[in-house]
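Everything on this sheet refers to the single structure shown next.
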Amino acid sequence: MQEQQRRPRAVVFAYHNVGVRCLKVLLAGGVDVALVVTHEDSESENIWFDSVISVCQDQGIPYITPADAKSPELLAQVQAARPDLMFSFYYRHMLPAELLAVAPAYNMHGSLLPQFRGRAPVNWAVLHGADVTGATLHEMTVKPDAGAIVAQMEVPILPDDTAFEVFGKVTVAAEQALWRVLPSLLDGSAPRLHNDLTQGGYFGGRKPEDGRIDWNQPAQTVYNLHRAVAPPYPGAFTDVGGVRYVVQRARLRQPNHEHTDNVASASLRPGLTVVDNCIFGVCGDGRMLAISALTADGEPVTAAQLQSRLAAAASGQ
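Counted from 1, the sequence shown has number 104 at position 104 by full-length UniProt numbering; the numbering is strictly sequential.
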């Protein structure tokens, strides 16, 4: 009887929705996942995404949650798993050279490399008004997001899409890209395309403070900021009279409203305002955002309440 061929063995570094979906692709594709390296959820973070740990528990996959990706203990555990391949699916730590030397390693990045390299690629793409993004599987190197491209899948960014909505599309794109290339990746025939680092750019992580609105900017810029950080992300905010107002839902007034916007905002300073019992954000170019949901220090605020608060703030009360 012919000896059964050994399944390819992998160590997977994974977190978040992309981590869950891509881990499931590997399992469906016949990969023996010997070990998963993931993160414990932080109590200070809004956990709106799926759990890699839950998948491991359901599937009986060994997993660990080391605090330091550079620790000798982690290196020893990965080496002991004797992987043929390694994958990183939205794992949040950079892998050092010693780990990358264990086996060929591939990372799934949430943009069309070389565009939007680095942290929070979906949020940065929306913030910059991009109309397309996607997912890229690439070879891992010590330099982040710099290795040869193995697979890509493109998705559109619609004019009113939030980063949360785009992230959902990118998650599906990551699953599809990995599913399509996995057979050729396992047999060694997958393509290696040049990742031209002279194109695109590198972006760092984003902090809640980066969501502060500058109402003097054009309305499209302000709207892109709102879309990029809208819930479940921390949200775009403005401080008035010691109160923090966070824009939960908003729409950019369309061109057919532009004349009305300019007339209504001609005598209004940039910032929050109330017109005809509706909340607006007046921007530097005279156009406005129609705000349908706003919170004040974490609590929903109505147009009437906002109007009263803004009047009090203006009078110094």
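Yeah, the Cβ is synthetic: ideal placement off N, Cα and C, and Gly gets one too.
Just so we're clear, the structure is a prediction, and the values are computed from it rather than from any experiment.
Going by C-alpha to C-alpha distance, which of the options sits closest to residue i?
i: valine 243; options: Glu73, Ser44 and Leu272; result: Leu272
i: isoleucine 157; options: Arg117, Pro234 and Asn224; result: Asn224
i: glycine 129; options: Ile53, Thr221 and Ala67; result: Thr221
i: aspartate 276; options: Ala290, Pro8, Ser184 and Leu85; result: Ala290
i: glycine 200; options: Asp32, Asp161, Asp145 and Arg251; result: Asp145
i: lysine 143; options: Asp161, His93 and Pro183; result: His93
i: proline 96; options: Ala76, Gln79 and Ala69; result: Ala69
i: glycine 298; options: Tyr245, Val155 and Gln57; result: Tyr245
i: tyrosine 15; options: Pro8, Ile53, Gly60 and Asp32; result: Ile53
i: glutamine 59; options: Ala80, Asp32 and His39; result: Asp32
Would you kindly work out how many angstroms separate the C-alpha atoms of residue i and residue j, rounded to a whole number?
i: residue 322; j: threonine 238; result: Here the chain has residues from 1 to 317 only, and residue 322 is not among them.
i: glycine 30; j: arginine 21; result: 15 Å
i: proline 234; j: proline 218; result: 22 Å
i: phenylalanine 13; j: threonine 65; result: 10 Å
i: proline 159; j: leucine 74; result: 43 Å
i: alanine 236; j: histidine 194; result: 37 Å
i: glutamate 43; j: alanine 296; result: 23 Å
i: glycine 206; j: asparagine 107; result: The sequence given here places arginine at residue 206; glycine does not occur at that position. Going from the Cα of arginine 206 to the Cα of asparagine 107 covers about 21 Å.
i: valine 11; j: valine 78; result: 7 Å
i: aspartate 214; j: aspartate 131; result: 23 Å
i: proline 72; j: alanine 101; result: 14 Å
i: serine 315; j: glutamate 45; result: 37 Å
i: residue 343; j: phenylalanine 167; result: The structure shown does not extend to residue 343, since the chain is modelled only from 1 to 317, so the question has no answer here.
i: valine 170; j: leucine 178; result: 12 Å
i: valine 301; j: aspartate 196; result: 48 Å
i: valine 155; j: serine 308; result: 43 Å
i: alanine 80; j: cysteine 56; result: 19 Å
i: alanine 76; j: aspartate 161; result: 44 Å
i: alanine 28; j: valine 172; result: 15 Å
i: aspartate 210; j: glycine 188; result: 43 Å
Do residue i and residue j have their C-beta atoms closer together than 8 Å?
i: leucine 113; j: threonine 133; result: no
i: phenylalanine 87; j: leucine 186; result: no
i: alanine 105; j: methionine 140; result: yes
i: valine 37; j: leucine 23; result: no
i: valine 181; j: tyrosine 90; result: no
i: aspartate 84; j: alanine 67; result: no
i: alanine 313; j: valine 240; result: yes
i: proline 270; j: asparagine 216; result: yes
i: isoleucine 279; j: alanine 303; result: yes
i: leucine 252; j: valine 274; result: no
i: arginine 82; j: arginine 7; result: no
i: valine 282; j: leucine 294; result: no
Residues in the same chain with beta-carbon distance under 6 Å from residue i, minus the five sequence neighbours each way, listed in chain order, please.
i: alanine 163; result: Val122, Asn123, Val126 and Ala228
i: proline 62; result: Leu35
i: histidine 226; result: Ala236, Val247 and Ala250
i: histidine 109; result: Thr136 and Asp145
i: aspartate 50; result: Asn17 and Val20
i: serine 292; result: Arg249
i: alanine 230; result: Thr162
i: glutamine 254; result: none
Whose C-beta lies closer than 7 Å to the C-beta of residue i among residues of the same chain, with five residues either side of it excluded?
i: glutamate 258; result: In this prediction, glutamate 258 has a pLDDT of 48, which is less than 50 and means its spatial position is unreliable; nothing more can be read from the coordinates.
i: proline 191; result: Val150
i: proline 208; result: Pro234
i: glutamate 175; result: Arg21, Cys22 and Val25
i: valine 263; result: A caution first: valine 263 carries a pLDDT of 47, below 50, which makes its placement in the model too unreliable to give a value.
i: proline 284; result: Position check: residue 284 holds glycine in this sequence, whereas proline was assumed. Within the same chain, glycine 284 has close Cβ partners Trp215, Asn216, Gln217, Pro218 and Pro270.
i: glutamine 5; result: none
i: histidine 39; result: Tyr15, Thr65 and Arg92
Counting only the same chain and skipping the five closest in sequence on each side, list residues whose C-beta sits under 8 Å from that of residue i.
i: phenylalanine 203; result: Phe116, Arg117, Gly118, Arg119, Ala120, Pro121 and Trp124
i: isoleucine 47; result: Asp41
i: glutamate 3; result: Only weak support is given to the placement of glutamate 3: the predicted model assigns it a pLDDT of 45, under 50, and the question is left unresolved by the model.
i: proline 232; result: Asn46, Trp48 and Phe164
i: alanine 148; result: His138, Glu139, Arg192, Leu193, His194 and Asn195
Checking contacts by CB at 8 Å: is residue i closer than that to chain E?
i: proline 96; result: Looking for chain E here will not work: only one protein chain is present.
| task | Note down, one range per segment and in chain order, each alpha helix (DSSP H) of at least 4 residues found wholly within the region 216-255. | result | Counting whole runs of 4 or more residues, the region 216-255 contains the alpha helix (DSSP H) stretches 219-229.
| said: Could you tell me which whole beta strand (DSSP E) segments of length 3 or greater appear in the region 87-169? | reply: Here the runs fully enclosed are 105-109, 132-139 and 149-156.
| query | Which full runs of the alpha helix (DSSP H) of 4+ residues lie inside the region 29-71, going along the chain? | reply | Complete alpha helix (DSSP H) runs here, min 4: 52-59.
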